[in-house]
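Here's the structure we're looking at; comments come further down.
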Amino acid sequence: MSSLGVAVVRQYERGVVFRFGRLHNVRNPGIRFMIPLVDRMWKVSLRTVTMPIASQQVITRDNVSIGVAAVAYFRRVDPVKSIVEIEDVSSAINHIAQTTVRNVVGRSLLDQVLTDTETLNIQIKDILDSLTEQWGVLVLLVELKDIELPTTMQRAMARQAEAEREKRAKIIAAEGEALSVDRLAEAADVISRHPIALQLRNLQILAEIAAEKNSTIVFPAQFLESARALTRFVENESANASSPLAALGLTPATGQDRRME
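First residue of the sequence shown: 10, per the numbering used here; consecutive thereafter.
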């Protein structure tokens, strides 16, 4: 209908009017009237466009071939430039986005691509934004959404992750052993200063074992200690009994005075 002199511009659009092939003005939303057969209007959408970037094979800086797919979000902010400066802005952004993704990822290491994608996204966005500014387009966001690794690389990374977990487990176990040895040394020092503590510990172990009620336990430590105490008592009593006779000069057998002999 623009050729008939009447056009409807929607809220999310802007109408760029050419008169006799030359840029005339930009029309805002609403019903717009033009000179029939003289004015021609091109409508430009200002809504955000979601553009998928197809997966492509990229060789990283450490010579690993991976497949990278991305998605870009952009919108036209200058209707005049998006029509005058370039013929097909969507196709141009798609191709330049593929080239930029390949260049940025190719300059990065594989570990950086896998772990630091946010930095790569910002770099790609800044490059695209600087290139598309002359076309009246603002790039809002670029995201790497899919990274395909070779099967051999996936297996190697799985082995590396498993070895890393085993290393951490061994380190934690060694730290636990070192801490246990320190605590046992402290306990040994305490027991050496207080021998009764060992006996209390033995009784505690007996109580824990007896809770199961499924075995018979012979614990000779107390019996042996009692036997030793009884032996020492008998020796002391024998020594004390012989001491008065020796002081009077009597023998234990006859009880006679050796001086009379």
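The beta carbon of each residue, even a glycine, is placed where N, CA and C say it ideally should be.
The structure presented is a predicted model; accordingly, all values stated were derived computationally and were not measured.
Here V93 is not near L158, since their CB atoms are 8 Å or more apart. For the pair E22 and N37, the Cα-to-Cα distance works out to about 8 Å.
Secondary structure of P159 (DSSP, three-state): coil. In the DSSP secondary-structure assignment, M50 is bridged to V26. V77 and I136 have their C-alpha atoms spaced approximately 18 Å apart. In this structure, V122 keeps its C-beta atom at 8 Å or more from the C-beta atom of V35. For L147, the beta-bridge partners assigned by DSSP are R84. Beta-bridge partners of Q65 (DSSP): V77.
In the three-state reduction of the DSSP assignment, H33 falls in the strand class, which pools E and B. R56 sits in coil when the DSSP states are folded into three classes, being neither helix nor strand. For the pair G14 and W51, the Cα-to-Cα distance works out to about 13 Å.
Here A172 is exposed, its C-beta having fewer than 16 other C-beta atoms within 10 Å.
In the structure shown, G14 adopts coil according to DSSP, grouped into three states. Residue pairing by DSSP places R41 opposite A16 in a beta bridge.
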